[in-house]
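J.:
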Amino acid sequence: MLLHTEVVMKSHPHPERPDRLRTIAASLATAGIFPGKCYPIPAREITREELQMVHSEENIEAVDNTKRMHASYFTPDTYANEHSACAARLAAGLCADLASAIYSGRVKNGFALVRPPGHHAGVKQAMGFCLHNNAAIAASAAQAAGAKKVLIVDWDVHHGNGTQEIFERSKSVLYISLHRHEGGRFYPGTGAADEVGSMGAEGYCVNIPWSRGGVSDNDYIFAFEQVVLPIALDFNPDLTIISAGFDAARGDPLGCCDVTPAGYASMTQMLSALSGGKLLVILEGGYNLRSISSSATAVIKVLLGESPTIDIENTVPSKAGLRSVLDVLKIQMNFWPTLEANFTKLHSEWGSYAFQDTREQSKKRRRTGLPIWWRWGRKRLLYRILSKQLRTKSSCNFSC
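Here the sequence shown stands for residues 1266 to 1665, numbered as in this note's numbering.
#1: Looking at the secondary structure, which residues open and close the beta strand (DSSP E) in which Asp1419 lies?
#2: Please confirm whether Gly1528 and Arg1555 have their CB atoms less than 8 Å apart.
#3: Assign Met1532 to one of two classes, buried (16 or more other C-beta atoms within 10 Å of its C-beta) or exposed (fewer than that).
#4: Under the DSSP definition of a beta bridge, which residues are partnered with Asp1342?
#5: Lys1275: buried (16+ other C-beta within 10 angstroms of its C-beta) or exposed?
#6: Which term fits Val1581, buried or exposed, when burial requires 16 or more other beta carbons within 10 angstroms of its beta carbon?
#7: On a CA-only basis, which of Ser1583, Ile1507, Asp1592, Leu1611 is nearest Ala1561? Give me that one, please.
#8: DSSP state of Thr1603, grouped into three classes?
#9: DSSP on Cys1521, reduced to helix/strand/coil?
#10: Assuming Ala1352 and Leu1268 make a contact with CB atoms under 8 Å, what is their CB distance in whole Å?
#11: Let me check understanding here. Comparing Cα to Cα, which of Ile1486, Lys1436, His1446 lies closest to Gly1465?
#12: Would you call Pro1382 buried or exposed, if buried means 16 or more other Cβ atoms sit within 10 Å of its Cβ?
#13: Which residues in the same chain have their Cβ closer than 6 Å to the Cβ of Gly1358, if we skip the five residues on either side of it in sequence?
#14: For chain B, find out if any of its Cβ atoms is closer than 8 Å to the Cβ of Thr1312; answer yes or no.
#15: With burial defined as no fewer than 16 other Cβ atoms inside 10 Å of the residue's Cβ, what is the status of Lys1413: buried or exposed?
#16: In chain order, which alpha helix (DSSP H) runs of at least 4 residues are fully inside the segment 1388 to 1466?
#17: Quick one: what's got a C-beta closer than 8 Å to Arg1477's C-beta in the same chain, skipping five residues either side?
#18: Tell me where the beta strand (DSSP E) around Val1328 begins and ends.
#19: Pairing CB atoms from the segment 1538 to 1555 with CB atoms from the segment 1382 to 1395, are three or more of them under 8 Å?
#20: Quick check on Phe1511: does DSSP put it in helix, strand or coil?
#21: Taking the Cβ atom as the reference point for each residue, do Thr1331 and Phe1394 lie within a distance shorter than 8 Å?
#22: Use the C-beta contact count for Gly1387: other C-beta atoms within 10 angstroms, 16 or more gives buried, fewer gives exposed.
#23: Could you give the DSSP three-state label for Ile1367: helix, strand or coil?
#24: What is the rounded straight-line gap between the Cα of Glu1433 and the Cα of Pro1518?
#25: Which residue from Arg1282, Glu1271, Tyr1304 puts its Cα closest to that of Phe1339?
#26: What distance in whole Å lies between the Cβ atoms of Leu1544 and Ala1488, which are believed to be in contact at a cut-off of 8 Å?
#27: Please report the residue range of the alpha helix (DSSP H) in which Pro1526 lies.
#28: What would DSSP say about Tyr1469, mapped onto helix, strand or coil?
#29: For the alpha helix (DSSP H) containing Phe1487, list its first residue and its last residue.
#30: Compute the Euclidean distance between the alpha carbons of Arg1624 and Ser1559, then round it to the nearest angstrom.
#31: Report yes if the CB atom of Thr1505 is closer than 8 Å to the CB atom of Val1590, and no otherwise.
#32: Using only alpha-carbon positions, find the residue among Leu1363, Trp1475, Gly1570, Arg1287 that is nearest to Ala1404.
#33: By alpha-carbon positions, which one of Asn1579, Pro1278, Ala1361, Val1524 ends up nearest to Glu1314?
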C-alpha cells in the first residue's frame, strides 16, 4: 500500500500519498499502541468473486489493467501505477477479513490502516482518490459471515457517493454521512438531505450536509445526538463500520473544518455503544499529516477502552449546524418516527435562534458570490490553491 503513489512529478505532492500511513504508524508507535497493545491481522488480496459482490466488471477490469501501466489516471486527480491494483486489493482484503473477524467475535474491534481510500468508488467508477470501496466490501463480508444489518457511518468531509450508490436500494445496510455540501458546490456534489435511498429503501440513506466550512466538534456531536444515534439505535446493527476520513480535522487543506482529535474520539465512543461494541474503523481521507496522525491515534485509544477528554454535555451547535440538523430531521422523521420528538423539541426551543439571520446570510452570499475554485470542484485544484496561499503567507490492519 506504500507503493501506491503518483509517478508523474508535479509542483506539489498529491495529498493522498504514502506518508499518510507512515505518519499514523509513527504516532501509534510513539504512543505505545502498536506494537504493544494491538496486533496485525494477516494481509491478503481480495478475490474477484468478493469484488463482484460490490463492483461491476467495468470497475474491476479498469483497476486490474493499471498493473500493466507505469502511470495512469482514472480522473485528473485519481492516479494509479503498476502497484496500485495490488494495493487496492490488499486494502479491500484487509477490511473484509477484519469485518468478518469482528462480527464473528474473534476480535473485539479494529482499525484498518489502509490506502487507497474507498468511499468515492461506486459500482462502476474509480474516482476521488478511490479505486475499490473498502467500507462496502467490508459490509458485504460481514453479511457473508452472517450479519443481517450493517451500519456505515461516514464522517469524511466529502460525501461517500460511491458507498451511497452501492447501497441506495438496500435495507440491510444503513448509510449515514456527515459532510460538507454547500448546496452541491463541494466535492463531489452529492449527499443532499433529500437523498434518502430508493426502490423501497427510503430512509436507509441519511445525509447530514453542512452548508459551510469551519464545522467543529459541537456541530458533529450535536448531529450525532439528534440524528445519528437515534436512527442507529432504531436500526440496531449487527456490525458498525466507520468510514473514517480525517479531512474534517483542524488544519486539513481540503476540508477546512475544525474537528479535533477529542471530537473524533467522542464520536467513536458514541458509536462503540452499538452492535455490542463490534466496531470497525476504516481510514478514508485526511491530508494534514499532523491532524490525521493525532486523530487516528485518539480513535484507536477509544477502541482500546480509553475515554475521550471532551465534555459533550450541553453541546451548543452553530446556527448553520442547527439548521442542517433541523432540515435532516424534518426529512428523516418520515422514515424514522423516533426523530419527530427531537424535531419538535429543537424547533420550539431553538427555531428562532437557527433561522433569525438566514435572510442576512443569503444576501451576503449573493453579494460575495461563489469562489470559482468551488465551482470547478476538484479536490486537487483546491489543494493546489490552498497550498499556494499558505506558501505566500508563510513567506510574506490491526485489531485492538
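Even for Gly, the Cβ is constructed at its ideal location relative to N, Cα and C. Computed from a predicted model, the values in this text were never measured in an experiment.
T.: Let's see:
#1: Translated into positions along the sequence shown, residue 1419 becomes position 154. Asp1419 -> beta strand (DSSP E) spans 1415 to 1419.
#2: The residue you call residue 1528 lines up with position 263 of the sequence shown. The residue you call residue 1555 lines up with position 290 of the sequence shown. With a cutoff of 8 Å on beta-carbon distance, Gly1528 and Arg1555 are scored as not near each other.
#3: What you label residue 1532 is simply residue 267 of the sequence shown in a count that begins at 1. Met1532 is buried by the Cβ-count criterion.
#4: For the purposes of this step, residue 1342 is taken as residue 77 along the sequence shown, with counting starting at 1. For Asp1342, which the question treats as bridged, DSSP gives no partner whatsoever.
#5: By one-based count along the sequence shown, residue 1275 stands at place 10. Exposed, since its Cβ has fewer than 16 Cβ neighbours within 10 Å.
#6: What you label residue 1581 is simply residue 316 of the sequence shown in a count that begins at 1. That one is exposed.
#7: Against the sequence shown, residue 1561 aligns to sequence position 296. Nearest C-alpha to Ala1561: Ile1507.
#8: Locating residue 1603 in the sequence shown gives position 338, where the first residue counts as 1. Coil, per DSSP.
#9: Position 256 of the sequence shown, counting from 1, holds the residue named residue 1521. Reduced to three states, the DSSP call for Cys1521 is coil.
#10: Residue 1352 sits at position 87 when you count from the first residue of the sequence shown. Residue 1268 sits at position 3 when you count from the first residue of the sequence shown. Going by Cβ atoms, the distance from Ala1352 to Leu1268 rounds to 6 Å, so yes, they are a contact pair.
#11: Within the sequence shown, the letter at position 200 stands for residue 1465. Among Ile1486, Lys1436, His1446, the Cα nearest to that of Gly1465 is on Lys1436.
#12: Working through the sequence shown from its first residue, we reach residue 1382 at position 117. Looking at its Cβ environment, which holds 16 or more other Cβ atoms inside 10 Å, Pro1382 is buried.
#13: Position 93 of the sequence shown, counted from the start, is the residue given in the question as residue 1358. Cβ within range, chain order: Arg1309, Glu1310, Ile1311.
#14: The chain labelled as chain B is not found in the depicted structure, where only one protein chain is given.
#15: Position 148 of the sequence shown, counted from the first residue, corresponds to residue 1413. Flag for Lys1413 reads exposed.
#16: 1399 to 1409, 1426 to 1432
#17: The residue given as residue 1477 occupies position 212 in the sequence shown. Contacts found: Arg1445, Glu1447, Ala1585.
#18: Taking the first residue of the sequence shown as position 1, residue 1328 is located at position 63. Per DSSP, Val1328 belongs to no beta strand (DSSP E); it is in the alpha helix (DSSP H), 1322 to 1330.
#19: yes
#20: Position 246 of the sequence shown, counted from the first residue, corresponds to residue 1511. Phe1511: coil per DSSP, three-state reduction.
#21: Here residue 1331 refers to the residue found at position 66 of the sequence shown. Here residue 1394 refers to the residue found at position 129 of the sequence shown. Remark: C-beta atoms of Thr1331 and Phe1394 do not approach each other more closely than 8 Å.
#22: Against the sequence shown, residue 1387 aligns to sequence position 122. Result: buried.
#23: In the sequence shown, the residue the question calls residue 1367 occupies position 102. Three-state DSSP puts Ile1367 in a helix.
#24: For the purposes of this step, residue 1433 is identified with residue 168 of the sequence shown, where counting begins at 1. For the purposes of this step, residue 1518 is identified with residue 253 of the sequence shown, where counting begins at 1. Looking at the two C-alpha atoms, the distance is approximately 30 Å.
#25: Taking the sequence shown and counting its residues from 1, the one referred to as residue 1339 is at position 74. For Phe1339, the nearest C-alpha among the options comes from Glu1271.
#26: One-based indexing of the sequence shown puts residue 1488 at position 223. One-based indexing of the sequence shown puts residue 1544 at position 279. That belief does not hold up - the Cβ atoms of Ala1488 and Leu1544 are roughly 19 Å apart, past 8 Å.
#27: Working through the sequence shown from its first residue, we reach residue 1526 at position 261. Note, Pro1526: alpha helix (DSSP H), 1526 to 1536.
#28: As a working mapping, residue 1469 is identified with position 204 in the sequence shown. Coil.
#29: Stepping through the sequence shown from its first residue, residue 1487 is reached at position 222. Its alpha helix (DSSP H) spans residues 1482 to 1488.
#30: The residue given as residue 1624 occupies position 359 in the sequence shown. The residue given as residue 1559 occupies position 294 in the sequence shown. Per-residue confidence for Arg1624 stands at a pLDDT of 49, beneath the threshold of 50, marking its modelled position as unreliable; the derived number appears in the next sentence. The straight-line gap from Cα to Cα measures roughly 39 Å.
#31: For this step, residue 1505 is matched to residue 240 along the sequence shown. For this step, residue 1590 is matched to residue 325 along the sequence shown. Not closer than 8 Å, so no.
#32: What you label residue 1404 is simply residue 139 of the sequence shown in a count that begins at 1. The residue with the shortest Cα to Cα distance from Ala1404 is Leu1363.
#33: Taking the sequence shown and counting its residues from 1, one reaches residue 1314 at position 49. Nearest Cα to Glu1314 within the set Asn1579, Pro1278, Ala1361, Val1524: Ala1361.
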